[in-house]
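Residue numbers (the UniProt record's numbering): 1 to 639.
Quick reminder that beta carbons are idealized off the backbone N, C-alpha and C, glycines included.
From a predicted model like this one, the values you see are computed outputs, not experimental measurements.
Only one structure is covered here, and it is reproduced in the block below.
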């Protein structure tokens with residue numbers, strides 16, 4: 001039995017992946033002319049809009065704070081404060097927690113190499129402004145619909161309020177996602193601050209031009225704090241980017257994509273504007289899946305529109321959703337895909353060497369990933385285009401572009417060469433043969449009776465006498481390495497956040513992280529502090545060799561080198577990587593400059609808060625000889 005599931009198929013039910021459900025729904029069909037029709041639905045979506053008019057409201061553009069200006073001189077105070085905002089003009093106001101009263105927060109713009117100091121000041125009041133409930137993923141009350149109460153205000157069967165969430169006070173810590181900064185400035189999850197206090201940080205910004213983002217990272221409650229509105233973009237500029245003459249000003253636009261659910265008045269069914277954090281679960285097992293909602297927002301507006309000139313535009317796209325994956329396509333009113341008008345010029349933490357085309361079937365962007373896009377609207381004068389999520393089993397529309405009717409003299413064309421400083425990593429060449437290796441496996445829910453997916457740090461057993469003679473054993477994983485054909489045996493040395501630290505990295509070392517997915521939901525894996533490139537993607541042909549009941553392999557997992565190909569845009573510098581069902585990916589980065597204690601985790605925020613997060617340490621090599629690592633795996637071993 002081949003358990004390796006096509007990544008695009010998984011997208012149709014990514015929301016269900018962590019409860020073990022995979023729905024093979026075809027979301028694209030090809031007509032006789034060869035064009036592609038999204039969802040087979042033509043010009044109209046059949047998904048419910050719950051009374052809201054799509055594309056009614058204009059896209060809001062978050063204000064920009066240029067930290068290097070004379071006004072700020074590389075020092076900022078950013079205040080967390082309560083706000084009320086209409087997410088749609090047909091809705092009442094929604095209570096939010098925000099940065100500077102904005103959802104998303106203001107876009108912070110810095111210059112590469114100029115140090116920025118920020119006082120993140122907490123002036124939030126009251127408790128977290130959302131309602132959190134558990135609801136079964138089943139009819140007649142599916143978890144991704146608004147509301148949760150019966151008409152008389154009572155709770156339906158199998159629906160319950162999540163105990164304690166309504167009492168959560170403001171306790172916040174800010175993480176600048178993608179920043180290379182010392183551990184003390186990274187937003188350690190336990191270092192939350194309360195109202196009246198400030199988190200003082202500095203960011204060296206010794207990085208090439210990129211789109212980072214800042215968001216709350218408080219231990220165990222990140223999902224609630226971010227869902228309440230605490231997120232914003234952070235753009236690094238440099239001379240290399242300046243020299244490209246890319247669209248700027250009003251034609252460089254952030255697109256922070258999220259999804260949300262809303263409560264309803266139980267008597268009338270009308271949307272109240274109240275944020276609803278609705279866990280979906282399977283009553284038979286109690287297993288939960290990541291929270292998603294039926295409403296897609298861009299820059300805090302549900303299904304907005306944007307008026308554009310018939311010219312090239314640059315869009316800085318961020319998936320800031322709790323757990324929803326998006327597969328992006330640009331379509332016209334007939335549903336025909338026009339991805340040939342789009343060029344990918346950058347990924348999480350840097351420009352690509354050259355523009356890349358959108359992959360066949362759409363551009364997948366998972367939670368926390370960023371993508372830098374150029375779109376040519378000159379071909380569509382007087383037309384309306386939609387950005388859609390063809391990976392959705394719900395309403396696919398994200399936003400609408402309304403192109404002006406008159407032509408424009410636009411001298412811009414995408415440069416053939418983007419980043420001259422980019423270099424593609426290669427094993428044994430740009431990644432030296434003398435590098436460290438880290439092995440981490442993700443497991444599905446139900447392993448050894450535990451309800452949530454987990455993240456296991458693995459240490460290789462290198463002495464033959466220590467290799468177990470009976471399998472399966474809990475926490476013992478065997479793999480057949482496709483590079484050598486040899487069976488490698490690993491033992492789990494940590495799986496909970498508070499387990500002993502096992503990953504210690506000498507400053508300046510190159511490290512290859514081996515991320516192995518043993519079943520369940522796909523995971524967007526984020527590693528703090530460094531930038532990385534995807535080296536290889538391997539396929540595990542049969543996941544049944546991993547015994548879920550025991551939590552170990554009954555036979556060596558067979559891995560091959562013929563996994564899905566690495567797309568051109570995936571070759572860029574990144575900090576978040578999609579780890580799909582049955583994949584073994586290898587990502588490489590150099591841990592230079594910054595030191596301290598950092599985190600890596602799944603960026604589905606429910607998974608992160610439920611335990612899929614672990615610490616690691618980077619320290620000077622001179623210190624390493626004096627640093628004892630009790631029970632740990634040392635430095636992971638040299639390759």
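Residue environment for residue 409: exposed (fewer than 16 other C-beta atoms within 10 angstroms of its C-beta). Sequence-distant partners of residue 547 (beyond 5 residues in either direction) whose C-beta falls short of 6 Å from its own C-beta, in its chain, are 472, 554. Taking each of 389, 588, 217 in turn and checking the Cα distance to residue 339, the smallest one comes out for 389. For the segment 35-105, the continuous beta strand (DSSP E) assignments of 3+ residues that do not extend past its boundaries occur at 36-38, 64-66, 75-85, 94-99, in sequence order.
Taking 8 Å as the upper bound for CB-CB distance, residue 131 and residue 263 are in contact here, some 6 Å apart. Counting only unbroken stretches of 3 or more residues, the beta strand (DSSP E) elements lying wholly within the segment 567-636 are 576-579, 583-590, 596-602, 613-619, in sequence order. In this structure, the alpha-carbon of residue 610 lies about 47 Å from that of residue 412.
Per DSSP, the unbroken alpha helix (DSSP H) holding residue 227 starts and ends at 222-227. Under the three-pair Cβ rule at 8 Å, the segment 222-231 does not count as touching the segment 106-122. Under the 10 Å beta carbon count, residue 400 is surrounded by 16 or more other beta carbons and is classified as buried. When the beta-carbon positions are compared, residue 323 and residue 292 come within less than 7 Å of each other. Excluding sequence positions up to five before and after residue 451, its CB lies within less than 8 Å of the CB of 285, 286, 287, 288, 445, all in the same chain and listed in chain order. Between residue 319 and residue 365, the gap from beta carbon to beta carbon is short of 7 Å. Bridge partners of residue 281 according to DSSP: 136, 288. Residue ranges of uninterrupted beta strand (DSSP E) with 3 or more members, entirely inside the segment 380-449 and ordered along the chain, are 384-389, 397-403, 436-443. Taking residue 349 as reference, the option from 595, 572, 77 with the minimal CA-CA separation is 572. Within the DSSP bridge table, the entry for residue 108 names 65, 234 as partners. Bounds of the beta strand (DSSP E) holding residue 457 are 454-460. DSSP, reduced to helix, strand and coil, places residue 506 within a strand of the structure shown.
Within its own chain, the residues whose Cβ lies closer than 7 Å to the Cβ of residue 113, once the five positions on either side in sequence are excluded, are 205, 206, listed in chain order.
Residue 278 counts as buried, since at least 16 other C-beta atoms from the protein chains shown sit within 10 angstroms of its C-beta. If only complete runs of 3 or more residues are kept, the segment 155-228 shows the beta strand (DSSP E) at 174-177, 198-203, 210-216, in order along the chain. A distance below 7 Å between beta-carbons, with the five flanking residues on each side excluded, links residue 418 to the following residues of its chain, in chain order: 244, 345, 351, 352, 353, 354, 355. Sorting 454, 507, 464 by C-alpha distance to the C-alpha of residue 487 places 464 at the top. Under DSSP, residue 534 takes part in a beta bridge, and its partners are 587. Secondary structure of residue 372 (DSSP, three-state): strand.
If you draw a straight line from the Cα of residue 359 to the Cα of residue 247, it is about 23 Å long. In the three-state scheme derived from DSSP, where H, G and I count as helix and E and B as strand, residue 464 is classed as helix. Distances from the alpha-carbon of residue 232 to those of 532, 270, 177, 241 put 177 closest. At least 7 Å separates the beta-carbon of residue 457 from that of residue 443. Residues of the same chain with a CB within less than 7 Å of the CB of residue 77, apart from the 5 flanking positions on each side, are 119, 121 in chain order. Note that the C-beta distance between residue 563 and residue 537 is below 7 Å. Here residue 144 is not near residue 367, since their CB atoms are 7 Å or more apart. Taking the C-beta atoms as reference points, residue 185 is found no nearer than 7 Å to residue 173. When DSSP states are grouped into helix, strand and coil, residue 339 belongs to the helix group. Rounded to whole angstroms, the separation of the alpha carbons of residue 510 and residue 48 is 50 Å.
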